[in-house]
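K.L.:
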């Protein structure tokens with residue numbers, strides 16, 4: 229749109245490239261922890277572009293989930309609002325009724341959209357459900373020291 233209006237879209241393109249790189253680094257960070265995605269079950273919390281909407285346009289979850297699946301992971305997910313919209317884009321994902329259902333038997337849990345309800349989760353319950361207590365927090369919702377003290381392998385983004 230910028231180019232067709234006679235404007236220079238270089239800054240916008242640079243921002244889009246940075247966002248894409250951040251999603252690739254997020255997936256790579258999980259790969260460093262798990263070693264391989266083959267045969268893993270990954271839970272994703274939050275699918276929409278931002279909280280309080282079902283908008284999936286430019287949602288980081290789409291690219292992240294596709295990369296995980298390309299690596300051989302099975303993915304299940306929960307979002308308070310966007311699961312119907314996400315289902316049209318990501319039909320091979322298993323959609324769960326709650327965040328706790330996503331954690332069940334998961335090798336890792338990825339927090340992608342910072343819905344308020346994710347801040348209120350019982351982390352002890354989450355940990356009990358998981359196969360491995362690995363959490364990647366893409367929105368830095370949780371305190372890293374507290375998560376490690378609770379026994380999680382925890383990585384935030386940009387910390």
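Numbering (my numbering), first residue to last: 229 to 387.
Heads up, the beta-carbon is just placed ideally off N, CA and C, and yes, glycines get one too.
#1: Tell me which residue opens and which closes the beta strand (DSSP E) that residue 305 is part of.
#2: Can you look up residue 336 in the DSSP assignment and give me helix, strand or coil?
#3: Around the C-beta of residue 319, are 16 or more other C-beta atoms found within 10 angstroms, so that it is buried, or is it exposed?
#4: Quick one: what does DSSP say residue 382 is sitting in, helix, strand or coil?
#5: What beta strand (DSSP E) runs, 3 residues minimum, are completely inside the stretch 249-330?
#6: Of the residues 331, 376, 372, which one's Cα is nearest the Cα of residue 385?
#7: Taking 8 Å as the limit between beta carbons, can you name the residues of its chain near residue 254, skipping five residues before and five after?
#8: With a threshold of 16 other CB atoms inside 10 Å of the CB of residue 307, please say whether the residue is buried or exposed.
#9: Just to confirm, is the Cβ distance from residue 329 to residue 270 under 8 Å?
P.N.:
So, from the listed chains and residues:
#1: Taking the first residue of the chain shown as position 1, residue 305 is located at position 77. Looking at the DSSP string, the run of the beta strand (DSSP E) that includes residue 305 is 302-306.
#2: Within the chain shown, residue 336 is the residue found at index 108, counting from 1. Collapsing the DSSP output to three states places residue 336 in a strand.
#3: The residue labelled residue 319 in the question sits at position 91 within the chain shown. When all chains shown are included, residue 319 counts as exposed.
#4: Position 154 of the chain shown, counted from the start, is the residue given in the question as residue 382. Here residue 382 sits in strand by DSSP.
#5: The stretch 249-330 contains these whole beta strand (DSSP E) runs: 269-273, 302-306.
#6: Translated into positions along the chain shown, residue 385 becomes position 157. Of the listed residues, the one whose Cα sits closest to residue 385 is 372.
#7: Indexing the chain shown from 1 puts residue 254 at position 26. Residues of the same chain with a CB within less than 8 Å of the CB of residue 254, apart from the 5 flanking positions on each side, are 288, 292, 338, 364, 366, 385 in chain order.
#8: Here residue 307 refers to the residue found at position 79 of the chain shown. Looking at its Cβ environment, which holds 16 or more other Cβ atoms inside 10 Å, residue 307 is buried.
#9: In the chain shown, counting from the first residue as 1, residue 329 sits at position 101. In the chain shown, counting from the first residue as 1, residue 270 sits at position 42. No, the pair does not count as a contact, with Cβ atoms beyond the cut-off.
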